[in-house]
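Residue numbers (my numbering), protein chains in the order written: chain D, 187 to 540; chain V, 187 to 540.
Cβ atoms here follow ideal geometry from the backbone N, Cα and C, with glycine treated the same way.
Everything below concerns the one structure shown next.
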């Protein structure tokens, strides 16, 4: 598989084992290590490269510095038949949101629709992970989160009070792949800026502006400005509302309370997230619905294309293709990341990736 | 109030009475005429000028041509404790959505969160109307709709298969005004293009492109192209998901099924919409929550501003200011609209606006 041009591949199972060993070495219970590793590998498998094993060194550093609870008592604090609020007890976000998603699905299977919010959670990887979970139970999942660092001001302002607050929605289809939207409410996610810093390429106009409102295209100047929301005031409004629903409503951090988890490894982030599960069967025959989603897929695909486009894509289509390919061929680990993971393995006394 | 530069004003109550008379004259039951007029006047009061009495001639024309049912049997077809699907029986959208919102609130007051979808509804005015309804019951409202004409293709395509599918969210505050987001998933709503056609002004780049992908800035060329979604593929994805949730999931029209209600006054539109009501008390103390929203308001407002901006605004702030001013001074009716309403009054045999 390896060439000079392509990063070496690691099989999904090998990557998962590596992550499990890392978590066990810092004291995670076995069940939690397995689950966290499964979700982090899945992030890489679906192509969310900035949200999978890439984050492992950062998570481990936070655990070692006492900023994350490895034995959380994740518990329901508020509950009605169609909702709950979970206290994540500063546990790993993946574990908190996995629990939240399953409570939401169990409730929705009875009430039709259910919403579970969390506080004192942490970074949980790509939003798509949780929006996808309800799909296999013939449900629609909708997940929102507060990002773990503020990267933009309210529209027209200059104080960074908002994050890229993402929204993800997963919808099952029949013969076609599921439709899975996963989007930041900014034109570019901050990870894309980081990639440009690494590659040295210019950013397109529209990603960032400086404090005078001028475009920033040189990624090395990223600290001089901030990300732009999609649609200007609209993306700002949407990000603000997600902040209220995922943060304020759950008693989680929002605005000036948000901890920059890239800079501060000790302070509890009090991250807020929520998931909504919709049981399709409550609305209509599940097979009919899935066939309708197939038809939507085919209809969008059948549109003639603009010059410069080869095809129309559905949300999640690229991710599905990557997942299929990586399941077969393994997950590419770029050399710089491999070096970091080798150093981590050394530090933790576990076997490095092959 | 009247000057040569400013359109004549009509008081809120006079406008409402006029709309009631119009509906009674075409056979609406009194209760429905009252409710529809109240909501349409409210649309004008909050500044949604393209969605209030402006639409009355079009609605009346549809009723006269048999495209809208004036005696609908609006009924629950599917139901669980936290959800329902309503058949709007091709009734007026305002009546269908008013019913849906109240069912959602009643259910949410027990289950914490509730979702009501509708099919065989019709155009229901501005999205904010319904997202605002739960506020007075200390709930958060979230409303989405399928627009009543397709104005854009899927991203990268050229066949217009999507509408401006809006999302609106209403959040109560304590001393500050409620936060009310109401946004199309396109950079510009189509009504703004129509306003530019009337004014003869150029459109900014980014609103529309033609079938070759080039910007359209001349509004008279609007038919040569289509609206652009916010954030490119992101707004497309969001609009598509809203289409599935508001349309497909309720058995309502989406994609090629959408009827252009500006061109076809006879065919049943089978419009789909949904509302989600969230009972804040299920999550936390209501007063604490509202004080937190006040703090968010003050925090955003306190941000220093970019050059060219006088202030940071919260979603719904402009609309709140307009509503206060119009409550005092009445609703401005532009001369061209007044002429249309005078002709309508003549046609219906009712008293014109003063």
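Identify, in the order they occur along the chain, each residue of the same chain with its Cβ nearer than 7 Å to the Cβ of residue i, setting aside the five sequence neighbours on each side.
{"i": "residue 237 of chain D", "result": "229, 311, 312"}
{"i": "residue 467 of chain V", "result": "324"}
{"i": "residue 204 of chain V", "result": "539"}
{"i": "residue 452 of chain V", "result": "251, 252, 253"}
{"i": "residue 294 of chain D", "result": "300, 325, 463, 464, 465"}
{"i": "residue 492 of chain D", "result": "none"}
Please work out which residues of its chain come closer than 8 Å, Cβ to Cβ, to residue i, disregarding the five sequence neighbours upstream and downstream, and give them in chain order.
{"i": "residue 337 of chain V", "result": "346, 348, 349, 350, 372, 376, 412, 413"}
{"i": "residue 402 of chain V", "result": "389, 393, 394, 395, 396, 408, 410, 411"}
{"i": "residue 340 of chain D", "result": "347, 348, 422, 426"}
{"i": "residue 212 of chain D", "result": "246, 249, 250, 256, 534"}
{"i": "residue 227 of chain D", "result": "198, 201, 202, 205, 238, 239, 517"}
Is there a C-beta anywhere in chain D that falls below 8 Å from the one on residue i?
{"i": "residue 364 of chain V", "result": "no"}
{"i": "residue 483 of chain V", "result": "no"}
{"i": "residue 425 of chain V", "result": "no"}
{"i": "residue 351 of chain V", "result": "no"}
{"i": "residue 497 of chain V", "result": "yes"}
{"i": "residue 501 of chain V", "result": "yes"}
{"i": "residue 379 of chain V", "result": "no"}
{"i": "residue 358 of chain V", "result": "no"}
{"i": "residue 361 of chain V", "result": "no"}
{"i": "residue 333 of chain V", "result": "no"}
{"i": "residue 493 of chain V", "result": "yes"}
{"i": "residue 373 of chain V", "result": "yes"}
{"i": "residue 195 of chain V", "result": "no"}
{"i": "residue 344 of chain V", "result": "yes"}
{"i": "residue 489 of chain V", "result": "yes"}
Say whether chain V places a C-beta atom closer than 8 Å to the C-beta of residue i.
{"i": "residue 390 of chain D", "result": "no"}
{"i": "residue 452 of chain D", "result": "no"}
{"i": "residue 338 of chain D", "result": "no"}
{"i": "residue 442 of chain D", "result": "yes"}
{"i": "residue 410 of chain D", "result": "no"}
{"i": "residue 261 of chain D", "result": "no"}
{"i": "residue 341 of chain D", "result": "yes"}
{"i": "residue 507 of chain D", "result": "no"}
{"i": "residue 401 of chain D", "result": "no"}
{"i": "residue 513 of chain D", "result": "no"}
{"i": "residue 232 of chain D", "result": "no"}
{"i": "residue 435 of chain D", "result": "yes"}
{"i": "residue 212 of chain D", "result": "no"}
{"i": "residue 369 of chain D", "result": "yes"}
{"i": "residue 420 of chain D", "result": "yes"}
Leaving out five residues on either side along the sequence, give the residues of the same chain with a beta carbon under 6 Å from the beta carbon of residue i.
{"i": "residue 188 of chain D", "result": "With a pLDDT of 41 at residue 188 of chain D, under the threshold of 50, the modelled position of that residue is not reliable, and no figure is offered here."}
{"i": "residue 383 of chain V", "result": "405"}
{"i": "residue 290 of chain D", "result": "300, 302, 461, 463"}
{"i": "residue 267 of chain V", "result": "297"}
{"i": "residue 512 of chain V", "result": "231"}
{"i": "residue 261 of chain D", "result": "273"}
{"i": "residue 365 of chain D", "result": "357, 500, 501, 502"}
{"i": "residue 386 of chain V", "result": "none"}
{"i": "residue 434 of chain D", "result": "440"}
Where does the unbroken alpha helix (DSSP H) through residue i begin, and where does it stop?
{"i": "residue 429 of chain V", "result": "419-432"}
{"i": "residue 482 of chain D", "result": "472-487"}
{"i": "residue 416 of chain D", "result": "No alpha helix (DSSP H) contains residue 416 of chain D, which DSSP labels as neither H nor E."}
{"i": "residue 254 of chain D", "result": "Element bounds for residue 254 of chain D: n/a, residue is neither H nor E."}
{"i": "residue 213 of chain D", "result": "No alpha helix (DSSP H) contains residue 213 of chain D, which DSSP labels as neither H nor E."}
{"i": "residue 270 of chain V", "result": "Counting along the chain, residue 270 of chain V falls outside any alpha helix (DSSP H), though it belongs to the beta strand (DSSP E) covering 269-273."}
{"i": "residue 525 of chain D", "result": "521-534"}
{"i": "residue 291 of chain V", "result": "279-297"}
{"i": "residue 508 of chain V", "result": "503-515"}
How far does the beta strand (DSSP E) with residue i in it reach, from first residue to last?
{"i": "residue 387 of chain V", "result": "Segment: none, residue 387 of chain V is in no beta strand (DSSP E) and carries neither H nor E."}
{"i": "residue 457 of chain V", "result": "457-465"}
{"i": "residue 192 of chain V", "result": "It is not in any beta strand (DSSP E) - residue 192 of chain V carries neither H nor E in the DSSP assignment."}
{"i": "residue 266 of chain V", "result": "261-266"}
{"i": "residue 396 of chain V", "result": "394-396"}
Does the ligand GTP have even one heavy atom less than 7 Å from the beta-carbon of residue i?
{"i": "residue 487 of chain D", "result": "The model depicted lacks the ligand GTP and carries no ligand whatsoever."}
Legend entry - Residues of the region 276-308 of chain D whose Cβ lies closer than 9 Å to any Cβ of chain V, in chain order: Flagged, chain order: 293, 294, 296, 297, 298, 299, 300, 301, 303.
Legend entry - Completely contained beta strand (DSSP E) runs for the region 302-367 of chain D, where each covers 3 or more residues: 325-331, 353-357
Inset, instruction - May I ask you to list, following chain order, the residues of the region 307-329 of chain D that have a beta carbon less than 8 Å from some beta carbon of chain V? - result: Answer in chain order: 326.
Inset, instruction - Select from the region 463-479 of chain V all residues with a C-beta closer than 9 Å to any C-beta belonging to chain D, and list them in chain order. - result: 464, 465, 466, 468, 469, 470, 474, 475, 478, 479
Legend entry - Residues of the region 241-268 of chain D with Cβ closer than 7 Å to any Cβ of chain V, in chain order: 264, 266, 267, 268
Legend entry - chain V contacts made by the region 515-539 of chain D, where a contact means CB separation under 8 Å: none
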